[in-house]
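So that you can map any letter, position 157 of the sequence shown is 249 in the working numbering, and since no number is skipped, the others follow by simple counting. Glycine included, C-beta positions come from ideal geometry on N, C-alpha and C. For reference, the structure discussed in these notes is given below.
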Amino acid sequence: MRVRFGYVAKALGIPNGSPNQSITLKKLKKVEEQPEQLDLLRRILAHNLEATRQVLYYNQSRRINVYRFSSRMVPLASHPVTKGWDYIGEFRSQWHEIGAFVTTHGVRVSAHPDHLTLLSTPKKDVLAAALRELAYHGAMFDAMGLPYAPQFVLHAGGVYKNKASSLERFVKEYQQLPDNIRLRIIIENDDKSYDASDVLPLCQKLGCPMVFDLHHHQCLQRGENLGELWADIVATWGEHTPKIHLSSAKSAKDPRPHAAYVHIDDFLPFLHIAKELDRDFDVMLEAKEKDRALAVLMKDLEKAKGIKRLEPASIVL
């Protein structure tokens, strides 16, 4: 069984490794003229695109082939204030260059739209904002020429006092999404409202993959048999390689926030359970120390019994 590892957005190992530069609406509106506002947004996007390019080259030099793009690449992309700004056409060559690099080097990329991207919401304005956020992600991945593959991570959302009704709304809105969004969605169990036993049947009903967040499962679960659960989750991926999210709790008193690094003991029990199924999978680290956390975890893993470090960012069992 082969397991590959990656991290989220920002590379701490290089000077220009942050593609998360943004601006608040309040600060943008202090620039009174729209042309000047757009020039500011363009400069931020140009920075983020160049930072993304540098991160990808950095990752390739370390053979890190799992990576999550920043969802803040285009500042205020889904806000009405940027309506009419052609951030795709104006930067077409840069989008194309990033996409070509990803395709050429076989990098598995993804994105995690804003946590307020809620398809289960009963509020029309919140739903409209969610659809704009998804449209932005679809346009971004289309501009990079990336295929319709499991790439956009979503949560089921809020319960809104009635979990069944909320899931019905999610299903309805999901089924109406255009292909360039719907066919890229994967749904994740969360640590507050929808555990793995909620999300798995939702994914089975929709025919979309489920990304298993191990940390969330440790926070919110029903004592499921993890081996059986993992086998069912893997089945939702079909021919695609399954992916999980991995992080550790910041503290025992407040277990939900992510720690700076991943504690190997939070991962090894699952890893040995997954070995019984013997299906390759990928891991997205959601640790605060990003690529540094990945490097530390890989060193810890190669010391563990029965694990061989195959490449700088992958292992075999």
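Distance from the CA atom of residue 175 to the CA atom of residue 340, rounded to whole angstroms, is 39 Å. Apart from the 5 residues on each side of it in sequence, residue 246 sits with its Cβ closer than 6 Å to the Cβ of 277 and 279 in its chain, given in chain order. For the pair residue 299 and residue 328, the Cα-to-Cα distance works out to about 7 Å.
If you draw a straight line from the Cα of residue 362 to the Cα of residue 384, it is about 22 Å long. With 16 or more neighbouring CB atoms inside 10 Å of its own CB, residue 378 falls in the buried class. Burial is judged here by how many other beta carbons sit within 10 angstroms of a residue's own beta carbon; residue 205 has at least 16 and is buried.
Considering only 264, 197, 350 and 283, the residue with the shortest C-alpha distance to residue 157 is 197. Within the region 212 to 289, the runs of beta strand (DSSP E) at least 3 residues long that lie entirely inside it are, in chain order, 244 to 247 and 277 to 280.
Cβ atoms of residue 101 and residue 150 stay farther apart than 8 Å, at about 12 Å. Here residue 117 is exposed: its Cβ has fewer than 16 other Cβ atoms, across all protein chains shown, within 10 Å. Contact annotation: residue 191 and residue 238 have beta-carbon atoms nearer than 9 Å.
Bridge pairing for residue 345: absent [DSSP]. Pairing residue 160 with residue 95 gives a Cβ-Cβ distance that is not under 9 Å. Take residue 168, set aside five residues on each side of it, and the residues of its chain with a beta-carbon closer than 6 Å to its own are 174, in chain order. Across the set 398, 390, 397 and 224, the C-alpha of 390 shows the shortest separation from the C-alpha of residue 405. By the Cβ criterion, the region 349 to 363 is in contact with the region 389 to 403, since at least three pairs of Cβ atoms, one from each stretch, lie closer than 8 Å. Looking at the DSSP output, residue 99 shares a beta bridge with 159 and 377.
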